[in-house]
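A quick write-up on the structure given underneath.
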Amino acid sequence: MRKTTIYLPPELESRLARTAERSGRSRAALIREALADYLDSTTVDGALPPSVGMGDNPATPAASYRERLERGWSRR
């Protein structure tokens with residue numbers, strides 16, 4: 644593991660310290676977990692989520708539209 648320095652505003656540092664105390668976990672562990680969660684929730688390299696572009700199209704029959712939605716969401 645590599646060491647990284649971050650700067651936190653006082654209020655955020657206080658919240659982090661309180662959470663670490665209550666949970667019995669280190670501040671570093673909480674920061675790693677929060678950062679991993681954030682990075683996991685964002686798209687990679689500007690890629691769009693698979694649901695983008697699946698909006699309703701008047702030329703597409705409803706059944707076909709539903710099938711496309713289900714296929715798109717099942718890939719997640």
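In the working numbering, the protein residues as written are 644 to 719.
Ideal Cβ positions, reconstructed from N, Cα and C, are used throughout, including at glycine.
Would DSSP call residue i helix, strand or coil?
i	result
T685	coil
I649	coil
S669	coil
Over the uninterrupted alpha helix (DSSP H) stretch that includes residue i, give me the two end residues.
i	result
R658	P653 to S666
Taking the CB atoms as reference points, tell me whether residue i and residue j lie closer together than 8 Å.
i	j	result
L678	L659	no
Please return the same chain residues whose Cβ sits closer than 8 Å to the Cβ of residue i, not counting the five positions on each side in sequence.
i	result
M644	none
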